[in-house]
Structure formats: structure tokens, C-alpha cells
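Peer 1:
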Amino acid sequence: MRKKEYSDTDMRRKCWEELVNLFAKENSTIDEKKQLGNELHKKWKNMRDNFSRDIHQRKGKSGAGAYRKAPCVYIQRLQFLTDLILPRQTTSSLDNEYSS
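In C-alpha cells, the structure reads:
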């Protein structure tokens, strides 16, 4: 995890509740708010997944042709996710002499 607050489930729950309260109508019932929370969560996951897929496709494989698809609609606004999506540098515990 990048942020220690993310592992705090109470804080995450409170943040989602704040989002629901921002988008919910004033006279919404608890069930309607739960449904709205589920819909917002699905939309967030969908946007994040689309952004991730777009970033990986744009990165492409070596020798691949140019990528001509239109960019993700929210690509500029979701740039803060780039550090979480792109693979991190890894090291191998295997010796190089055993590699073929």
C-alpha cells in the first residue's frame, strides 16, 4: 500500500459515506444510500480499470505499431493513479549464471 490511510478501513468507509452524502438526495432512505454507494463504487472501479487498461495498451510491446485508439476520457484527471498502476522495478534472487 502506498498510503497508510488506505489500510484504515474506518477511514475508507467514512470517505465512501461522504461521497454518498454528496450525491444522495436529501430525502434518500438508508437502502437508497446503500444502493448509491454500491453504484459509485462500481463506477470508480470501472473508471480505474479503464484507465489502467489504457495506460498498459499505450505502453505497448517493443516493436509494436503506433497506438491509435482515442485516450480514456478521464486520462488527465486520473494521472495520480499512474504510480499505482505501472509495474515497479523488481530484483531477482536468481544468479545470472543460471539464466539461459
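Be aware that the sequence shown starts at 1, since it is given in UniProt numbering, and climbs by one per residue. For every residue, glycine included, the Cβ atom is placed at its ideal position computed from N, Cα and C.
Can the beta-carbon of F51 be found closer than 9 Å to that of L19?
Peer 2: no
Peer 1: Which same chain residues end up closer than 6 Å to M1 when comparing Cβ atoms and leaving out the 5 residues on each side of it in sequence?
Peer 2: Because the pLDDT at M1 is just 42, under 50, the model does not fix this residue reliably, and the value given afterwards should be weighed accordingly. Closer than 6 Å at Cβ, skipping near neighbours: S7.
Peer 1: What number of angstroms, rounded off, separates the C-alpha of Q57 from the C-alpha of W44?
Peer 2: W44 has its alpha-carbon roughly 20 Å from the corresponding atom of Q57.
Peer 1: CA-CA distance, N21 and M11?
Peer 2: 15 Å
Peer 1: Considering just the uninterrupted stretch of the alpha helix (DSSP H) at R58, what are its terminal residues?
Peer 2: I30 to K59
Peer 1: For L40, which residues of its own chain have a beta-carbon under 8 Å away from its beta-carbon, when the five flanking residues on both sides are left out?
Peer 2: Counting only residues of its own chain and dropping the five nearest sequence neighbours on each side, L40 has a CB closer than 8 Å to the CB of W16, L19, V20 and F23.
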